[in-house]
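A.B. asks: Numbering-wise (this note's numbering), the sequence shown opens with residue -15 and increments by one. Just so it is clear, CB atoms sit at the ideal spot from N, CA and C, and this is done for glycine as well. Attaching a single structure in structure tokens format; questions to follow.
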Amino acid sequence: MLCDVLETLAVEPEQVDTSQAAPATASADPVHLHQILSNLISNARKYGNGHVFFRSWTDAAQVHLSIEDDGPGVEPDFVPHLFDRFSRSVASRRGSERGTGLGLSIVRDLTEMNGGGIDYSRSDRGGARFTVHLPAGSSS
């Protein structure tokens, strides 16, 4: 799935660090999962400084997919509004990147439709880290 997303976004595989990605199968609609990953990787490329880091792991009941960038992260005052429809931070409105402010809201909605959730944290690199949690599926 990740390779398909990178191809759709015209991203060279070496532009996304997948060294910490473990094989994982989520119980999610494949079209929804593709959209979730596309939106998050696109945002990481748009607001980061050129490096995207993808990590995946599983536990007893869930698959966790983490996408992070090496950009400035999200302004602390804006974090409570990250997943609101049509919300854009002051920094993103000042930049050259255009957007509607719907991407993260769509990601949240699709994740929840598939029985999961999403959260934001500041990455160790100082950028944004979004982690999607979805029910684990069978690999058969």
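1) The alpha helix (DSSP H) that contains GLU(-9), what's its start and end?
2) By Cβ distance below 6 Å, which residues in the same chain neighbour GLY100 in space, the five residues on each side in sequence not counted?
3) Identify, in the order they occur along the chain, each residue of the same chain with its Cβ nearer than 6 Å to the Cβ of HIS35, setting aside the five sequence neighbours on each side.
4) Judging by CA-CA distance, which residue of GLY111, PHE67, VAL47 is the nearest neighbour of SER122?
5) Measuring alpha carbon to alpha carbon, tell me which residue in LEU66, GLY85, PRO56 is nearest ARG109.
6) Pop quiz: ALA45 and ALA120 are said to be a contact at Cβ under 8 Å. What is the actual Cβ separation, rounded to whole angstroms?
7) So, is VAL0 buried or exposed, given that buried needs 16 or more other C-beta atoms within 10 angstroms?
8) With burial defined as no fewer than 16 other Cβ atoms inside 10 Å of the residue's Cβ, what is the status of GLU(-9): buried or exposed?
9) According to the Cβ coordinates, are GLN4 and ARG39 closer than 8 Å?
10) At 3 residues or longer, and completely inside the segment -10 to 23: list those beta strand (DSSP E) runs for me, N to C.
C.D. replies: Let me spell this out:
1) -14 to -8
2) HIS117, LEU118
3) ASP54
4) VAL47
5) PRO56
6) 6 Å
7) buried
8) exposed
9) yes
10) 0 to 5
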